[in-house]
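A.B. asks: As they're listed, the protein sequences go chains A and B. With positions in the first sequence counted from 1, the corresponding number in my numbering is that position plus 5. With positions in the second sequence counted from 1, the corresponding number in my numbering is that position plus 5. Beta carbons: idealized from backbone N, C-alpha and C, even for Gly. Since the structure is predicted, the reported quantities are computational estimates derived from the model, not experimental observations. Submitted below is the structure of interest, expressed as structure tokens.
There are 2 protein chains.
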Amino acid sequence: MDWKAEMNEYIEMINKALDDYIILTEEPNAIVLESMKYSLFAGGKRLRPVLMLAVCGMLGKKPAVALPYACALEMIHTYSLIHDDLPAMDDDETRRGKPTNHIVYGEGVAILAGDGLLNRAFEIMTDNTLTLEEPMHGLKAMKSIADASGVQGMIGGQTADLQNEGKEINDSMLSYIHHHKTGALISAAVKAGAQMAGVDDKEADQWENIGYALGTAFQIQDDLLDIEGDAAEMGKPVGSDEKNKKATYPALYGIEKSRKKINELTQQVLEAFNPYGEKADFLRSLTEALVNRRS
Amino acid sequence: MDWKAEMNEYIEMINKALDDYIILTEEPNAIVLESMKYSLFAGGKRLRPVLMLAVCGMLGKKPAVALPYACALEMIHTYSLIHDDLPAMDDDETRRGKPTNHIVYGEGVAILAGDGLLNRAFEIMTDNTLTLEEPMHGLKAMKSIADASGVQGMIGGQTADLQNEGKEINDSMLSYIHHHKTGALISAAVKAGAQMAGVDDKEADQWENIGYALGTAFQIQDDLLDIEGDAAEMGKPVGSDEKNKKATYPALYGIEKSRKKINELTQQVLEAFNPYGEKADFLRSLTEALVNRRS
Chain A
6 MDWKAEMNEY
16 IEMINKALDD
26 YIILTEEPNA
36 IVLESMKYSL
46 FAGGKRLRPV
56 LMLAVCGMLG
66 KKPAVALPYA
76 CALEMIHTYS
86 LIHDDLPAMD
96 DDETRRGKPT
106 NHIVYGEGVA
116 ILAGDGLLNR
126 AFEIMTDNTL
136 TLEEPMHGLK
146 AMKSIADASG
156 VQGMIGGQTA
166 DLQNEGKEIN
176 DSMLSYIHHH
186 KTGALISAAV
196 KAGAQMAGVD
206 DKEADQWENI
216 GYALGTAFQI
226 QDDLLDIEGD
236 AAEMGKPVGS
246 DEKNKKATYP
256 ALYGIEKSRK
266 KINELTQQVL
276 EAFNPYGEKA
286 DFLRSLTEAL
296 VNRRS
Chain B
6 MDWKAEMNEY
16 IEMINKALDD
26 YIILTEEPNA
36 IVLESMKYSL
46 FAGGKRLRPV
56 LMLAVCGMLG
66 KKPAVALPYA
76 CALEMIHTYS
86 LIHDDLPAMD
96 DDETRRGKPT
106 NHIVYGEGVA
116 ILAGDGLLNR
126 AFEIMTDNTL
136 TLEEPMHGLK
146 AMKSIADASG
156 VQGMIGGQTA
166 DLQNEGKEIN
176 DSMLSYIHHH
186 KTGALISAAV
196 KAGAQMAGVD
206 DKEADQWENI
216 GYALGTAFQI
226 QDDLLDIEGD
236 AAEMGKPVGS
246 DEKNKKATYP
256 ALYGIEKSRK
266 KINELTQQVL
276 EAFNPYGEKA
286 DFLRSLTEAL
296 VNRRS
């Protein structure tokens with residue numbers, strides 16, 4: 006199968022499941038559910054959940070085994086965007102060409118929608134783990150995701166980013182922000198996918214490292230696009246990171262060195278797929294597409 | 006042992022564990038950890054975790070078995086207060102006589118501190134469940150806590166409360182808000198405590214109902230104190246709910262009927278303790294103290 010067709014199949018699986026996991030009500034909580042669903046279906050590329058399903062499949066289990074954890078991770082990613090866009094954080098009024106959550110629903114509901122998505126992620130993972138044949142696989146995947154999204158992971162990265170807005174930053178701070186803010190969740194997608202396939206702890210840690218390499222390449226490419234990209238293609242004002250004096254790899258090292266770093270990291274990821282022959286074809290194509298993307 | 010001495014022993018256990026669960030760093034995430042700890046140690050009464058430990062103990066297991074889940078619940082309660090106090094929500098500058106989190110750390114860090122506490126709660130529960138002799142007990146307790154704190158529980162109640170601020174509300178909306186905003190977490194404390202003691206699902210549901218009765222009595226008493234209480238004793242301006250036109254039981258039914266309702270609910274709770282003889286002495290005293298408290 007063409008890798009894009011496979012990608013679309015994964016995305017369809019994920020979207021169907023996400024839709025089923027957030028049921029709209031006519032109860033007094035109606036508005037927060039609507040608001041959660043608005044951001045969940047506001048054009049996300051589903052990179053993290055697709056990665057998780059594909060790694061689980063490459064390592065020999067049905068991708069569907071990882072589906073609840075993949076949806077949970079997408080909810081965590083989405084909540085982080087909602088809170089990140091708030092006036093007290095990045096103060097963004099649009100994302101992917103659409104009004105951000107607080108612009109549509111107000112700040113109070115947007116805060117609660119973010120909280121609701123984070124909480125729902127753990128409801129779904131706990132529920133699913135209760136009925137697994139191998140609850141330990143589910144618990145280990147949950148631990149990888151929980152660690153990656155917490156103060157030692159993504160929230161730590163958001164904190165560093167917020168604290169350093171408008172400041173000159175050094176090499177190690179930039180690396181901290183990349184590693185934690187974007188790297189942690191992408192890495193957790195790869196690691197948890199492997200854990201749902203039943204790999205041992207040592208192999209899970211190896212996949213975690215591969216995930217970090219991919220996440221870092223993805224983030225540097227994102228920063229490059231922000232400089233070079235076309236506003237219409239990206240759906241957000243080009244150069245917005247520069248405007249906010251955000252820490253970026255190209256700002257610190259220049260465009261050429263950034264491209265070289267992306268290539269090194271990509272090679273590291275592709276090598277890890279070598280033992281899996283054609284079972285890794287989809288992940289190879291996805292990796293190359295991610296680091297060569299124009300939007 | 007005197008019940009207050011037992012209460013202090015529980016509180017000491019909880020405070021020690023909470024302190025150990027949030028380790029300050031000198032990393033770029035330092036400020037968010039400091040901010041999380043500030044609110045965790047800003048004078049909370051530890052009602053929910055004490056209830057969980059005591060129920061687990063009354064039903065025959067060591068209270069310490071429930072300690073990680075009890076601390077997680079306290080973190081969830083604390084994060085909800087941080088977010089509830091934000092300008093976009095209740096806009097409170099003090100709580101229990103101290104400046105609220107966003108007044109000390111700014112709104113951005115306060116949002117992240119709330120997110121961090123909610124996430125940390127699930128990190129702790131997942132970690133602990135991975136090493137339990139009976140992981141199913143831990144997973145069931147996690148499910149009770151996750152359900153209670155989500156959009157079908159506490160966040161749903163916060164949403165309804167936010168949406169109805171300044172509006173006339175009816176009986177059923179008031180009941181929705183009480184049941185979800187305060188009732189759900191207190192009920193989850195009782196239910197999860199019973200689950201960590203190993204009760205079956207039917208008995209867990211019965212304890213959930215008892216928890217709701219106690220939670221509702223507690224909330225009505227809280228509303229009464231807001232009307233009658235003394236400002237210095239409460240650490241917040243008396244009548245602040247009335248000022249904000251918040252939905253309260255006494256505002257809708259009057260003081261006498263509110264007191265009667267508290268008594269009915271209290272009797273229901275005390276009856277549930279009857280089979281446990283002197284093992285329930287602490288919980289009897291705690292229940293009576295809660296519904297008769299003056300601050």
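1) List, from N- to C-terminal side, the beta strand (DSSP E) runs of 3 residues or more that fit wholly inside the stretch 39 to 74 of chain A.
2) Could you spell out where the alpha helix (DSSP H) holding A:Lys-265 opens and where it closes?
3) Could you pull the DSSP bridge partners for B:Thr-99 from this structure?
4) Between A:Val-70 and A:Ser-154, what straight-line distance do the alpha-carbon atoms span, to the nearest angstrom?
5) Spatial neighbours of A:Asp-228 within its chain, please: C-beta separation below 8 Å, excluding the five flanking residues on both sides.
6) DSSP three-state call for B:Met-94: helix, strand or coil?
7) What does the alpha-carbon distance come out to for the pair A:Ile-87 and B:Glu-293?
8) Determine, using beta carbons only, whether A:Lys-66 and A:Ala-202 come nearer to each other than 7 Å.
9) Is the stretch 74 to 82 of chain A in contact with the stretch 124 to 141 of chain A, if contact means three or more CB pairs nearer than 8 Å?
10) In angstroms, rounded to a whole number, what distance separates the CA positions of B:Asn-214 and B:Asp-120?
11) Indicate the three-state DSSP secondary structure (helix, strand or coil) for B:Gly-113 in the structure shown.
12) Under 8 Å: do the stretch 209 to 225 of chain A and the stretch 189 to 200 of chain A share three or more Cβ pairs, one atom per stretch?
13) Could you tell me the boundaries of the alpha helix (DSSP H) in which B:Ser-177 lies?
14) Short of 7 Å Cβ to Cβ, which residues in the stretch 67 to 99 of chain B face chain A?
15) Are the stretch 103 to 113 of chain A and the stretch 136 to 154 of chain A in contact at 8 Å, needing three or more beta carbon pairs?
16) Of the residues that make up the stretch 157 to 174 of chain A, which ones have a beta carbon closer than 7 Å to any beta carbon in chain B?
17) Could you tell me which of A:Ala-47, A:Arg-53, A:Glu-14, A:Leu-23 sits nearest to A:Lys-196, measuring between CA atoms?
18) Return the chain-ordered list of same chain residues with a C-beta closer than 7 Å to the C-beta of B:Lys-186, the five sequence neighbours on each side being excluded.
19) If we count the other Cβ atoms within 10 Å of its Cβ and call it buried at 16 or more, is A:Pro-280 buried or exposed?
20) How would you label A:Gln-272, buried or exposed, when you count the other beta carbons within 10 angstroms and need 16 or more for buried?
21) Give a yes or no on whether the C-beta atoms belonging to A:Ala-222 and A:Val-156 are separated by under 7 Å.
22) State the Cα-Cα distance for the pair B:Trp-8 and B:Lys-172, rounded to the nearest angstrom.
23) Relative to the ligand COA, is the shortest distance from any of its heavy atoms to the C-beta of B:Asn-124 smaller than 6 Å?
24) According to the Cβ coordinates, are B:Lys-207 and B:Met-63 closer than 7 Å?
C.D. replies: The relevant details are as follows:
1) none
2) One-based indexing of the first sequence puts residue 265 of chain A at position 260. Residues 260 to 278.
3) Stepping through the second sequence from its first residue, residue 99 of chain B is reached at position 94. Beta-bridge partners assigned by DSSP to B:Thr-99: B:Pro-104.
4) Position 65 of the first sequence, counted from the start, is the residue given in the question as residue 70 of chain A. Position 149 of the first sequence, counted from the start, is the residue given in the question as residue 154 of chain A. Near 21 Å, if we compare the C-alpha coordinates of A:Ser-154 and A:Val-70.
5) As a position in the first sequence, residue 228 of chain A is number 223, starting the count at 1. Cβ within range, chain order: Asp-246, Thr-253, Tyr-254, Pro-255, Ala-256, Ser-263.
6) For this step, residue 94 of chain B is matched to residue 89 along the second sequence. In the structure shown, B:Met-94 sits in coil (DSSP, three-state: anything other than H, G, I, E or B).
7) Taking the first sequence and counting its residues from 1, the one referred to as residue 87 of chain A is at position 82. Taking the second sequence and counting its residues from 1, the one referred to as residue 293 of chain B is at position 288. Distance between the alpha carbons of A:Ile-87 and B:Glu-293 is about 43 Å.
8) Residue mapping note: residue 66 of chain A aligns to position 61 of the first sequence, counting from 1. Residue mapping note: residue 202 of chain A aligns to position 197 of the first sequence, counting from 1. At a Cβ-Cβ threshold of 7 Å, A:Lys-66 and A:Ala-202 count as neighbours.
9) yes
10) Sequence index remark: in the second sequence, residue 214 of chain B carries index 209 (1-based). Sequence index remark: in the second sequence, residue 120 of chain B carries index 115 (1-based). So the alpha carbons of these two residues sit roughly 29 Å apart.
11) The sequence position of residue 113 of chain B within the second sequence is 108, counting from 1. B:Gly-113: helix per DSSP, three-state reduction.
12) yes
13) Here residue 177 of chain B is taken as the residue at index 172 of the second sequence, counted from 1. Segment 176 to 182, the alpha helix (DSSP H) holding B:Ser-177.
14) His-88, Leu-91, Ala-93, Met-94
15) Flag = no, the stretch 103 to 113 of chain A and the stretch 136 to 154 of chain A do not touch.
16) Ile-160, Gly-161, Gln-163, Thr-164, Ala-165, Leu-167, Gln-168
17) Translated into the one-based positions of the first sequence, residue 196 of chain A becomes position 191. The residue with the shortest Cα to Cα distance from A:Lys-196 is A:Arg-53.
18) For the purposes of this step, residue 186 of chain B is taken as residue 181 along the second sequence, with counting starting at 1. Correct list, in chain order: Met-159, Gly-162, Gln-163, Asp-166.
19) One-based indexing of the first sequence puts residue 280 of chain A at position 275. Exposed, since its Cβ has fewer than 16 Cβ neighbours within 10 Å.
20) Residue numbering aside, residue 272 of chain A sits at position 267 when the first sequence is read from its first letter. When all chains shown are included, A:Gln-272 counts as exposed.
21) Here residue 222 of chain A corresponds to residue number 217 of the first sequence, with the count starting at 1. Here residue 156 of chain A corresponds to residue number 151 of the first sequence, with the count starting at 1. Not in contact: A:Ala-222 and A:Val-156 (Cβ atoms no closer than 7 Å).
22) Sequence index remark: in the second sequence, residue 8 of chain B carries index 3 (1-based). Sequence index remark: in the second sequence, residue 172 of chain B carries index 167 (1-based). Taking the straight line joining both Cα atoms gives about 42 Å.
23) What this structure holds is no ligand at all, so the ligand COA is not there to describe.
24) Translated into positions along the second sequence, residue 207 of chain B becomes position 202. Translated into positions along the second sequence, residue 63 of chain B becomes position 58. In this structure, B:Met-63 does not lie closer than 7 Å to B:Lys-207 by Cβ.
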